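S.K.:
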Amino acid sequence: MKVLSVVSEIYPLVKTGGLADVAGALPAALAHHGVETRTLVPGYPAVLSKLDAAETVHSFDHLFGEPARLLSATVAGLDLFILDAPHLFVRPGGPYTDSNRQDWDDNDRRFAALGLAGADIGRGLLADFVPDIVHAHDWQAGLAPAFIALAGGGPKTVMTIHNLAFQGTFPPDRFAGLGLPGEAFATDGVEFYGNVSFLKAGLYYADRITTVSPTYAMEIQTDGDGMGLGGLLRSRTADVSGILNGIDDGLWNPATDPLIASTYDVDNLDRRAANKAALQARFGLEPDPDMPLFGVVSRFSWQKGLDLLTDALPRLVDAGGQAVILGAGDHGMEAAFAHAAVSHTGRVAVHFAYDEGLAHLIQAGSDAILVPSRFEPCGLTQLCALRYGAIPVVARVGGLADTVIDANAVARAAGVATGIQFAPVTQDALDAALFRTLDLWRDRPAWRRMQENGMRTDVGWDHSAAEYVALFRSLAVQKEGSSG
Ligand code: ADP
Ligand code: GLC
């Protein structure tokens, strides 16, 4: 079976969040199940610069204003098609924003081009690779299922929601420039409260819809958490499912990780202590092994709930804790964390950057990893924490609810707890969770048991890849049935 994955970022070439991790790791996991994946990505400078040898497999005379090419290349073990359209993708800044973090004004055309190229490949543009399934990720790929359905046929399509908050919404006057037939600007189409929504397009036209955890799949079908799309998703409930993300457990392996100070595994947990010491030293924190050290690795946005942590830090410090915060984003949050670091030297440290090496050291050296998200489709940092023997302290939402076993009395009696969950996502509940964590820290045998449980949890891709394969195969069978 052949799958074309259409996505706007992919690790290790270009990444702004977990979407890239998933796009980068899923193909190898699917390959174990006999599925061949090619991934279509935009030709940003960050992608083009990593191509050693690329073959031109198609030339477009005209793609949204200018000529463009489809390249084929294998980079870092990933089989890629690259949409080389310099007028759309070769510019400074990030995949979606300019150097001032403002959205590019032509994001509608940039990602309509991605969707159109994906649909064309899906419909047989390249004789060497005709996919059975087109798998579109998030709004940037949302027009791929739309172009396929509106062209009257092609492969089966799956739309995966990694984050319902990002919908790719554009004013109605942009519709005419997208190359879609006029009838698509309708409630039964790409129109969304008078605008054009790329995500809605994908959700409306795709054969199946998945998201990245079972709990988030339920949450997004409610009016409260559906972000305006709850009704549409409810109307398609039989086609909606949740498949948990995994992490690349080769890249994230404390037994072999070159980015940490001391490697360890579940049978040699004592060797983990050197990582905490290294982390404390690197950040000028008091070098005390008995002070519980809380780590954060995150984008700073409303979603992540970290504004609640800025308020809680003084109480955490008073109770004997330390915190290391790695992340970037919202300027107000950066300022609040910077202030906390100055007020609590030796106890609170911050680093505002995207830094992969540091992310690994924080996972290996922190006692607990905090993820107080207001919503979280899946979340990957709590999975890394489990694998690295850091106790995840998480909000009971989305994929966080599905991947962490709260240390309640029943779970502890059964010896299966792996972390702490709290709800609702309020200041009081976060404070209470931090104090529960500190209580558990004092019970070292219980703490160690949780670490061991977490490290023995399977957080890799194999199980979830099998679920994707089952979904893809069921769709391919339907297609054979309908065409034969
Ligand atoms: P989201 O995609 O919503 O940002 P996830 O938890 O799914 O959240 O994925 C975030 C990914 O980005 C993880 O791989 C995490 O380790 C990484 N990450 C986030 N912030 C940073 C940072 N400041 N430095 C390094 N890695 C980061
Ligand atoms: C999104 C979500 C995150 C998820 C990631 C990968 O960015 O915010 O929860 O883990 O996508 O699916």
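Numbering that gives the first Met the number 0 applies: residue 0 is where the sequence shown begins, and numbers increase by one.
The beta carbon of each residue, even a glycine, is placed where N, CA and C say it ideally should be.
Keep in mind it's a predicted model, so treat the numbers as computed, not measured.
Are residue 135 and residue 6 close, meaning C-beta to C-beta below 9 Å?
M.R.: In the sequence shown, the residue the question calls residue 135 occupies position 136. In the sequence shown, the residue the question calls residue 6 occupies position 7. Yes. Within cutoff.
S.K.: Just jot down, in chain order, the residues whose CB lies closer than 7 Å to any heavy atom of the ligand FAD.
M.R.: Annotation note on the ligand FAD: not contained in the displayed structure, which lists the ligand ADP and the ligand GLC as its ligands.
S.K.: Of all the options 242, 0, 276, which has the alpha carbon lying nearest to the alpha carbon of residue 216?
M.R.: Position 217 of the sequence shown, counting from 1, holds the residue named residue 216. With distances taken between CA atoms, residue 216 lies nearest to 242 out of 242, 0, 276.
S.K.: Quick check: is any heavy atom of the ligand ADP less than 8 Å from the C-beta of residue 278?
M.R.: Mapped onto the sequence shown, residue 278 falls at position 279. No, the ligand ADP has no heavy atom inside 8 Å of this Cβ.
S.K.: For the 8 Å Cβ check, are there 3 or more pairs between the stretch 352-363 and the stretch 294-304?
M.R.: yes
S.K.: How about residue 353: is its Cβ closer than 8 Å to a heavy atom in the ligand ADP?
M.R.: Walking along the sequence shown from the start, residue 353 turns up at place 354. Because some heavy atom of the ligand ADP lies under 8 Å away, the Cβ of residue 353 counts as near it: yes.
S.K.: Answer with buried or exposed for residue 65, where buried requires no fewer than 16 other C-beta atoms within 10 angstroms of its C-beta.
M.R.: Position 66 of the sequence shown, counted from the first residue, corresponds to residue 65. It is exposed - the Cβ of residue 65 has fewer than 16 other Cβ atoms within 10 Å.
S.K.: Less than 8 Å separating the Cβ of residue 298 from some heavy atom of the ligand ADP?
M.R.: Position 299 of the sequence shown, counted from the first residue, corresponds to residue 298. Correct: residue 298 has its Cβ closer than 8 Å to the ligand ADP.
S.K.: Under DSSP, the beta strand (DSSP E) around residue 194 begins and ends at which residues?
M.R.: By one-based count along the sequence shown, residue 194 stands at place 195. Here the beta strand (DSSP E) through residue 194 covers 194-196.
S.K.: Between the alpha carbons of residue 464 and residue 205, how many angstroms are there, rounded?
M.R.: Within the sequence shown, the letter at position 465 stands for residue 464. Within the sequence shown, the letter at position 206 stands for residue 205. If I take the Cα positions, the gap works out to 20 Å.
S.K.: What's the C-alpha gap between residue 289 and residue 252?
M.R.: Within the sequence shown, the letter at position 290 stands for residue 289. Within the sequence shown, the letter at position 253 stands for residue 252. Taking the straight line from one Cα to the other gives about 25 Å.
S.K.: I'd like the list of long-range same chain contacts for residue 256, defined as Cβ closer than 8 Å, with 5 residues on each side in sequence excluded.
M.R.: Working through the sequence shown from its first residue, we reach residue 256 at position 257. Only 262, 359, 363 meet the Cβ criterion.
S.K.: My understanding is that residue 139 touches residue 113, with C-beta atoms under 8 Å, so please give their C-beta distance in whole angstroms.
M.R.: What you label residue 139 is simply residue 140 of the sequence shown in a count that begins at 1. What you label residue 113 is simply residue 114 of the sequence shown in a count that begins at 1. Rounded, the Cβ-Cβ distance is 6 Å, consistent with contact.
S.K.: Within 10 angstroms of its Cβ, does residue 342 collect 16 or more other Cβ (buried), or is it exposed?
M.R.: As a first step, residue 342 is located in the sequence shown; it is residue number 343 there, counting from the start. Result: exposed.
S.K.: Of all the options 365, 81, 231, which has the alpha carbon lying nearest to the alpha carbon of residue 273?
M.R.: Taking the first residue of the sequence shown as 1, we reach residue 273 at position 274. Taking only the C-alpha atoms, the option nearest residue 273 is 365.
S.K.: Just grab the DSSP bridge partners of residue 454 for me.
M.R.: Sequence index remark: in the sequence shown, residue 454 carries index 455 (1-based). None, per the DSSP bridge assignment.
S.K.: Does at least one heavy atom of the ligand ADP sit under 8 Å from the Cβ of residue 484?
M.R.: The question about residue 484 has no answer, for the chain in this structure spans 0 to 483.
S.K.: Please confirm whether any heavy atom of the ligand ADP lies closer than 8 Å to the CB of residue 357.
M.R.: Taking the sequence shown and counting its residues from 1, one reaches residue 357 at position 358. Yes.
S.K.: DSSP state of residue 19, grouped into three classes?
M.R.: Counting from 1 along the sequence shown, the entry for residue 19 is found at position 20. In this structure, DSSP gives residue 19 a helical state, which the three-state scheme calls helix.
S.K.: Report yes or no: do the stretch 217-230 and the stretch 450-463 share at least 3 C-beta pairs separated by less than 8 Å?
M.R.: Below 8 Å, too few C-beta pairs join the stretch 217-230 and the stretch 450-463 to call them touching: fewer than three.
S.K.: Based on the DSSP output, what are the partners of residue 41 in its beta bridges?
M.R.: The count along the sequence shown starts at 1 and reaches residue 41 at position 42. Answer is 82, bridged to residue 41.
S.K.: Would you call the CB atoms of residue 445 and residue 411 closer than 9 Å?
M.R.: For the purposes of this step, residue 445 is identified with residue 446 of the sequence shown, where counting begins at 1. For the purposes of this step, residue 411 is identified with residue 412 of the sequence shown, where counting begins at 1. Closer than 9 Å, so yes.
S.K.: Let me know if residue 386 comes out buried or exposed under the rule of 16 or more other beta-carbons within 10 Å of its beta-carbon.
M.R.: To locate residue 386, count along the sequence shown from 1; it is residue 387. Buried is the call here.
S.K.: Tell me the DSSP secondary structure of residue 66 in three-state form.
M.R.: Working through the sequence shown from its first residue, we reach residue 66 at position 67. Reduced to three states, the DSSP call for residue 66 is strand.
S.K.: For residue 58, which of helix, strand or coil comes out of DSSP?
M.R.: Reading the sequence shown from its first residue, position 59 is the one you call residue 58. Residue state, collapsed to three classes: strand.
S.K.: Contact check, residue 356 vs residue 258 under 8 Å by CB: the rounded distance?
M.R.: As a first step, residue 356 is located in the sequence shown; it is residue number 357 there, counting from the start. As a first step, residue 258 is located in the sequence shown; it is residue number 259 there, counting from the start. The pair is a contact, with the Cβ atoms about 5 Å apart (cut-off 8 Å).
S.K.: Should residue 418 go down as buried or exposed, given a rule of 16 or more other Cβ atoms within 10 Å for buried?
M.R.: Taking the first residue of the sequence shown as 1, we reach residue 418 at position 419. Residue 418 should be labelled buried.
S.K.: Beta carbon of residue 14: closer than 8 Å to some heavy atom of the ligand ADP?
M.R.: Against the sequence shown, residue 14 aligns to sequence position 15. Checking every heavy atom of the ligand ADP against the Cβ of residue 14, one is found closer than 8 Å.
S.K.: Is it right to say residue 479 is buried, meaning 16 or more other beta carbons lie within 10 angstroms of its own, or is it exposed?
M.R.: Stepping through the sequence shown from its first residue, residue 479 is reached at position 480. Result: exposed.
S.K.: Rounding to the nearest angstrom, what Cα-Cα distance links residue 308 and residue 435 in this structure?
M.R.: Locating residue 308 in the sequence shown gives position 309, counting from the first residue. Locating residue 435 in the sequence shown gives position 436, counting from the first residue. Using only the alpha carbons, I get a separation of about 15 Å.
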